[in-house]
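Structure record follows, encoded as structure tokens.
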Amino acid sequence: MKQIFSLALLAITGWLLWSLVPYGQATEPGPVSSHYIAHGLQENGGSNLVTSIVVNYRGFDTLGEVTVLFLSVAGAGFVLRRRSGQRRVAPRPSSEFVQTGARMLFAPMVLFGVYIFVHGHLTPGGGFQGGAVIASAVLMLLLADRDHHLPHGFMGWLESLAGFGYVLTGFLGLAIGGSFLANKGVLPLGQWNRLFSAGVIPIIYTLVGLKVGTELSTLLDVMVDSGRDHGEADAHGQKGGAA
Amino acid sequence: MNGLTPSTLYLATAILLILMGLAAVLVKRNLLKMVLGLSLVDTGIHLLIAALGAHPGRTAPILDDAKYLADPHTLLARVNLVVDPVPQALVLTAIVIGVGVTALMLSYVVRLYARRGSLDIGEIGRLKW
Amino acid sequence: MVNPILLVAVPLGVGFLLPLFGKLGRPVAVAVHGATILFTTAVAALWLPGLIDGSTAPLDITTGGWSAPIGITLRFGLPEAVLCVLAGLTALASLAALTPREDAETVGRSGLLQLLVLTGAFGLIMTRDLFNLYVFLEISSIGTYAIVAFGRDDSALEAGFKYMLIGAAASTFLLVAIAYLYKLTGTLSLVNMPGLVHTAPAGALAIVMLFLLAGMAIELKLIPVNGPALDLYDGAEPGVMALLTGATVNGVLFAFWKVSALFPQAWYPVLMTMGMITFTGGNLMATMQDRPRRMLGYSSSAQLGLLVFLVPLVRTGAVPMLAAGLLLINHTLAKSALLWLAGVIPGKTLDDWTGAFRSGFGGRVLLAAGILAITGLPPFPGFWGKWTVVTSLAHAGMNGWITALLLGSLFEFIYYYRWYQRVQTEDDSRTAARPVAGLWDLFGPALFGLGGLVLGLVWTVRMTGTPTEAVIVIAAVGLVLLLVKNLPALVLNLAGLLGVVAAALWLGRTGALAPDTLPGLFQLLILGGGALVLLAGLSGGSGASGSVPGLFMILVSSLLMLARAETLLQFFAGWEIMTWSSYLIIGHGRRGPKPASIYMVFSGAAGFLVLGGMMAAIGAGQTTLAGLGMLTGSAAVWAWTLLGLGFLVKSAAVGAHVWAPGAYSESPDLFTPFLSGVISKIPMFGFMVAALRIAAGNLALVTDGLDPLWLLGAVGAVTAFGMTLLAVFQEDAKKLLAYSSVGQVGYIVVGLAILSPLGWTAALFHVVHHLLFKGLLFFAIAGVIMRTGTRTMYEMGGLIKKMPLSFISTLIGIIALSGVPPLAGFTGKWLLYQALLAKGWYFILVLVMFASVVAFVYLFRLIHTVFLGQLKPQHRTVREVPLPLAVTQVLMIIGTMALAVYPQVLLRPLDALVRGQFQAAALTFDGTALVTATGATFNPTHMMVLVVILFVLMALGLLVLGPWPRKVGQLDIGFAGELPPPPQELHYAANFAQPYRRAWAHLVQPRVMRFWNAVADGGGGAVDLLRRMYSGNGQTYVMYAVLLVAVLALLGPGR
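Residue numbers (the numbering used here), protein chains in the order written: chain H, 1 to 243; chain L, 244 to 372; chain S, 373 to 1427.
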């Protein structure tokens, strides 16, 4: 009964959303996006306009975005903190295929991730995308070797310093360009379509890529880890697969 | 309605995804399925935002071809060649936020399951009134 | 000045590094964390002075090098600076409160989350970009989701998950709205979007705004989508909730303020309705709570609703932003303080709060301050905010909204003071388990309490002008006494007495105490009554030690403020301070907490009625007491009705009398004389300076239909009559006097209602005389209770030999009260009867005369049962009262006798006073005789002489003619006609009035009490049903979110 009522209410929401469809048709870009398209290349030097927006015009959003990820990783760690007295059990090892394949693919995948974020200002992709690829590589490793432990110390340093570096770059913009996260004037904008162009954008995207990669990896590690813990700790007979 | 434009198609798909996701949240009792439903909603929203920037016949806002530089005096000419980049930037941010929320939700589910031994939403209603 | 972008950038940078600092050890991490908060708070605070005095312009901050709308901009003006400072201070105090509470698992981990929550709030407050606002909203939300997992309680997990579910729904709605707003306006900047949004097609805008509102409503915890937030308050660590209140909630609210610029005006009624439903409904449902933490959740939701209600009004300029700001600051300070204190009490139910903070310094004072502040009482900022809001609404003629607002505020009284009642209740069985607030727990409450007090006092001066020095001196002495409350009673009361005397001399020199003016007369009464109470307090005893003397000084200062008031605001501010200070004192009685909370709820109702009446006047353009006389038409009718009802409730007139017996009898014994003698007269003062001014100035009101003045007089007479009947059946000496006091005030109401020179003379004469004789009786009984330890009359007896002075006091008191010659009671009654006769109100006259006769029945018992008869064995060692109390009684006896022998000492100034009011004389004085305008004559002095002569003759006659008196032992049964105790039930005085009960039983059934109980039960049942909508099921909560969308679609302005 409640479900039918809920769905009826949902139908109203759907009807509202559908009523908006006519207003969502293709239109000419407004003044703000026209500015980005027309002047983005001159003002930021990166040919990927989305990146220019993400890192410079709306760079403050991106800093917030990095914070969101940082916060949710810290939050997940906080929520899944180990209860005292919980024992860990050895998980069932994965198959030979997975193990070998993961080791083989790990390095190329990380490399690919780095490629994506380093070229974020030129080609589709950027720090978040590259970081996600790196994290997928780590996930593969974790799945292959379920007792695998990430070098937490190293990753922690990398994560913290990358984040701090981002804020520091923002301060450089404030000191030189007069505005937090400013690009203009901090570094030369370089030549069109070159790797070393677009001022601080590649630097920021590299830092973001490192940060996102390490953060997502840590997140996966935390969750895999807690899954192991709770498989045994929960008293309801649902064993975590240990034979 | 103004015929079946590509935008309409994208938007309709987006709305369908959102409604499916919300329906899962409203009807399914399993916590994991509810989280899954919210992920679906997220995807729908992302598609919706991207669809609002869509423009048939125009390409991605990456000015990596010499044709964009052909006539530096009419910068505005570029505007007719590529789609609006802003929704794409927004989607990127929205995706990351969605990931963060989903991760945290799943962490909660893990902890709740460990504590209460159930994944039923009806079982986590001790606080009320 | 430092760029405020650092408020976001620095905590983020530090936050990213905090895990590394953590490796250096926990103290390092906490120190870095604290230093970061201090730095950001200081950066924001440095901007404050310039922004307040206008010498600094609000700053627009660019990011990425681009100004709006190309880049994201932030703004830092006065509201932003205030909110950031508040958020920073809350975060600092929360760090102090939470750090010691971290357990082994969370240690060092929550700090980062706290810092990021703060950063999210800063961003939310400053940003001027719609999508950026969404990002910071998510940072704040995710921070909330994460940090509520603090602590071991797994109900926090449950609450957190539900909160995430509905938060996800909110994000969905918001993103849809934001995406379409971008599509429709081509911008995301809140700098230019409000100007563009109106160019969008109306059909699209209606739906987009609907989603925006639904999303914000969830974030703002409005009804019906506040369920998860309530669970969060219920389940999460209170210290965490304090942080969220001071930082995140305010940030969200300010974010709403910013996006509200996008709403077309057609949406404003919807916003106001949702806000007010949340305020009134939230407070209503909170009244059914038995878990204080959840109650605070309802309260937060309600307060937020009030601010949401104000948003459209501030936008249209109907309400000044400053008023909303004061309410917000007040809520932040008070609610955070209450939450930090709640964190000290581990249990969640009301029972766990029994006697909380009894030991340890400051906890209870801070809790009381927080509750006073949050219920909007002066001098805290919330009072001034609420007053400004209500006056603005009155100017706009929005009387329905005022009613809803005041109703919600009254509900707030009910649950907050019930909570405090539990705290005040002592239960010795719980002493061992009682937690003590640590230094760090009190840091935040003390900081915020002090902040609220200072801000409130600044506003007091701003709104009501600098009070006269005497008021300041007395209030200052009171505050100091509260701080040194552990000193002996002698010192406390002596200091208070010196303060009062100094103030009296000061005021006397300025001529403010002239008894021929109303304010002068009442100031004299207040200072005189206050001095007598403090004098008696030198002897120690109930109500003379601890924080009572300090509170008493504050009470006296508020009464002076009230008596000196010229504007309505001054009067009301004094009135409300009087209410809470007397409430706190009553709660100090041994069984005082419960009657005190009932007293507070009725006083709250009275206060809101008075406020409503004032608003009727202010809506008609009158802001001073004198201006009330110029009201006409419906404004006059409303002002008269509401003010009159308020004063009647506060004076415990029949129907509202149920609060009085408990409050009088359970208040500290030495305070009761003041309660009866002075405070019960304040509503009478209100009648004279406010309500009756309307009637006097508005003859249409008097001549139209049923004479309202006659109605008022009838209420007074019925009160006098009914209370007398009730007094007859009391076994408890103080309850007896309590009913008697309420009844006596009824006579005064009758006198005032006559609205003639003679009627007012009678009323004012009785005001003074009642202070003297009822004070005397209460002091005498206080002494008896102090010595015998009981208030039940039949447990006493034969005290005449042990306490002769108390006997004489009681004897004189009851003779004065009963109105028989030769004491001044007769003079008073004579004046009143003459006035009634002249007015032609015969029904009232009969009622009053009958009541006055019946009074003998109870008065007789007081003297007979307590002082005559057989001395109880356990009272053989009883001594006379201590010297200060004896001196007090002697002084009052002298006063009573003086009035009896030569009432002109009072009647002449009263005559001048009345002449000033009515431009007509009530009496002429012929030698020692009084002559009324109708020619009736009475000579009190001659009568006294006559009576003395008669008595002397009779005594001589007895001595000469009668048998010589024979001494009989007190245990001689034949003498007293009673059985020796036990059993006490057989005592002849037990159930003494049984025969009368048979006759009057149907008259004195506790119908009124039953009525109020039925109101409470019936209302409670309905509310209980209502709050069950919060079923606890997360899915249902999400359904409410979808329901909200549907309701807005069907009822909103879009369709």
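All C-beta atoms in this analysis are idealised placements derived from N, C-alpha and C, irrespective of residue type, glycine included.
- Between Val1021 (chain S) and Ala978 (chain S) the beta-carbon gap is near 4 Å, inside 8 Å, which marks them as a contact.
- At least one CB of chain S lies nearer than 8 Å to the CB of Glu65 (chain H).
- Spanning the alpha carbons of Gly125 (chain H) and Leu63 (chain H) requires a straight line of approximately 17 Å.
- The beta-carbon distance between Ala1223 (chain S) and Leu1271 (chain S), rounded to whole angstroms, is 21 Å. This is too long to meet the 8 Å contact definition.
- For Tyr1036 (chain S), the nearest beta carbon of chain H is not closer than 8 Å to its own beta carbon.
- When C-beta distances to chain H are compared with 7 Å, the residues of the region 1399–1427 of chain S below that value are Met1411, Val1414, Leu1415, Val1417, Ala1418 and Ala1421, in chain order.
- By the criterion of a C-beta distance shorter than 7 Å, Phe70 (chain H) is surrounded in its chain by Gly163 and Glu215, once the five residues flanking it on both sides are discounted.
- The alpha-carbon separation between Pro29 (chain H) and Val761 (chain S) amounts to approximately 44 Å.
- Against chain H, a Cβ distance below 9 Å from Phe503 (chain S) picks out Arg58 and Asp61.
- Secondary structure at Ile649 (chain S): helix, using DSSP grouped into helix, strand and coil.
- Boundaries cannot be given for Ala297 (chain L), as no alpha helix (DSSP H) includes it and DSSP labels it neither H nor E.
- Between the region 633–651 of chain S and the region 663–679 of chain S there are three or more inter-stretch CB-CB distances shorter than 8 Å, so the stretches are counted as touching.
- DSSP, reduced to helix, strand and coil, places Arg1163 (chain S) outside both helices and strands of the structure shown, so it counts as coil.
- Distance from Val905 (chain S) to Pro1045 (chain S) at the Cβ level is roughly 6 Å; contact confirmed, criterion being Cβ atoms closer than 8 Å.
- Look at the beta carbons and you see the region 47–55 of chain H not touching the region 484–502 of chain S: under three pairs across the two are nearer than 8 Å.
- For Thr889 (chain S), the closest C-alpha among the options S:Ala1284, S:Asp475 and S:Val1317 is that of S:Ala1284.
- For Lys310 (chain L), the nearest beta carbon of chain S is not closer than 8 Å to its own beta carbon.
- Across the region 277–298 of chain L, CB contacts with chain H closer than 7 Å involve Ala294, Leu295, Ala297 and His298, in sequence order along the chain.
- No Cβ of chain H is located within less than 8 Å of the beta carbon of Ser466 (chain S).
- For Val325 (chain L), DSSP records a beta bridge to L:Thr302.
- Separation of Ala521 (chain S) and Gly130 (chain H) (C-alpha to C-alpha, rounded to the nearest whole angstrom) is 31 Å.
- DSSP links Ser47 (chain H) through a beta bridge to no other residue.
- Annotation for Gly436 (chain S): Gly443 and Ile444 place their beta carbon closer than 8 Å to its own, counting only its chain and skipping 5 residues before and after.
- Residue pairing of Trp639 (chain S) in beta bridges, as defined by DSSP: absent, with no partner found.
- Residue S:Ile701 holds the alpha-carbon nearest to the alpha-carbon of Ile746 (chain S) among S:Asp724, S:Ile701 and S:Ser731.
- Close partners of Pro29 (chain H) in chain L (Cβ separation under 7 Å): Val322 and Asp327.
- Using a 10 angstroms sphere on the CB of Tyr1214 (chain S), the tally of other CB atoms stays under 16, which defines it as exposed.
- According to the DSSP assignment, Asp662 (chain S) belongs to no alpha helix (DSSP H), since it is labelled neither H nor E.
- Taking a beta-carbon distance threshold of 8 Å, Ile958 (chain S) does not count as an interface residue toward chain H.
- The C-beta separation of Phe1137 (chain S) from Gly1200 (chain S) comes to about 5 Å, placing the pair in contact by the 8 Å criterion.
- Of the candidates H:Tyr36, H:Val98 and H:Gln42, the residue whose Cα lies closest to the Cα of Gly185 (chain H) is H:Gln42.
- Taking a beta-carbon distance threshold of 8 Å, Ala1024 (chain S) does not count as an interface residue toward chain L.
- Residue range Leu431 to Thr434 is occupied by the beta strand (DSSP E) that includes Ile433 (chain S).
- Apart from the 5 residues on each side of it in sequence, Met223 (chain H) sits with its Cβ closer than 8 Å to the Cβ of Ala76 and Leu80 in its chain, given in chain order.
- Unbroken alpha helix (DSSP H) stretches of 4 residues or longer found wholly inside the region 150–182 of chain H: 152–172, given in chain order.
- Residue state for Asn865 (chain S) is assigned as helix, using DSSP reduced to three classes.
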